[in-house]
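>
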Amino acid sequence: MPSRHGIWEAPPWRATTGTAGETDIDVTAADYTAYVLLLTIANPSANNFIEDCYVHFDLNQDTTGFGAVNTTETIALAVARKIDGTNYRIGGNTNGDDETPAMTGSVAAVDRGMGLHVGPIGPDEDCQIWVKLSAETGGDCALPYIVYYRGPAPTITEVAAA
Numbered sequence: 017m018p019s020r021h022g023i024w025e026a027p028p029w030r031a032t033t034g035t036a037g038e039t040d041i042d043v044t045a046a047d048y049t050a051y052v053l054l055l056t057i058a059n060p061s062a063n064n065f066i067e068d069c070y071v072h073f074d075l076n077q078d079t080t081g082f083g084a085v086n087t088t089e090t091i092a093l094a095v096a097r098k099i100d101g102t103n104y105r106i107g108g109n110t111n112g113d114d115e116t117p118a119m120t121g122s123v124a125a126v127d128r129g130m131g132l133h134v135g136p137i138g139p140d141e142d143c144q145i146w147v148k149l150s151a152e153t154g155g156d157c158a159l160p161y162i163v164y165y166r167g168p169a170p171t172i173t174e175v176a177a178a
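Basically this note's numbering = 1-based index in the sequence shown + 16.
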């Protein structure tokens, strides 16, 4: 960004902000053995990027969390984007940022969380977080989350249990 003297200056550092909430896995509403929508993160700005977006999930919420309800299933999370502008696709980059390895409920029950590096979200774009379970032998569960980002505050839409 040029200054008034024509010298290039870096934009001022912006603090990372966090937005917390809770989303749900509702096994009566969908087949979770394939990837299913869990959370949508939308950028309401027509001009600015959301930068450095990360999403962290608590898998060990007492009594209603994944680790408490689904002890034998595995859970995996993925970032999905509309790469072609129409259809959501899960990325599979070489860093593994777009998809987590699967974790069993018994492991999750030992103070575990799971996080995804979403990266940037462009102006007027959105991305989704999808979830997949290895089986549906457990029940519905709650997943508390926090989204960290820099830039305009995203609009976050959660999936709620029916």
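Quick reminder that beta carbons are idealized off the backbone N, C-alpha and C, glycines included.
Who does GLU152 pair with in a DSSP beta bridge?
Answer by DSSP bridge pairing: none, since GLU152 is not bridged.
> Quick check on ASN86: buried or exposed, where buried means 16 or more other Cβ atoms within 10 Å of its Cβ?
With 16 or more Cβ atoms within 10 Å of its Cβ, ASN86 is classed as buried.
> Mind listing, in chain order, the continuous alpha helix (DSSP H) runs of no fewer than 4 residues lying wholly within the stretch 22-108?
Taking only runs of at least 4 residues, the alpha helix (DSSP H) segments lying wholly in the stretch 22-108 are 82-85.
> Going by beta-carbon coordinates alone, are GLY37 and GLU141 separated by less than 7 angstroms?
Not closer than 7 angstroms, so no.
> Using the rule of at least 16 other Cβ atoms within 10 Å of the residue's Cβ for burial, across every protein chain shown, is ARG97 buried or exposed?
Classification of ARG97: buried, given that the 10 Å Cβ count is 16 or more.
> Between the C-alpha atoms of VAL43 and ILE91, what's the straight-line distance to the nearest angstrom?
C-alpha separation (whole angstroms): 13 angstroms.
> Please confirm if the stretch 161-169 is in contact with the stretch 52-72, defined as three or more CB-CB distances below 8 angstroms between the two stretches.
Yes: the two stretches touch, three or more of their Cβ pairs being nearer than 8 angstroms.
> What separation, rounded to the nearest whole angstrom, lies between the Cα atoms of THR116 and ASP68?
Roughly 17 angstroms separates the two Cα atoms.
> Let me confirm a value: MET84 is counted as buried when at least 16 other C-beta atoms fall within 10 Å, else exposed. Which label applies?
In the sequence under discussion, the amino acid at residue 84 is Ala, which differs from the Met named in the question. It counts as buried.
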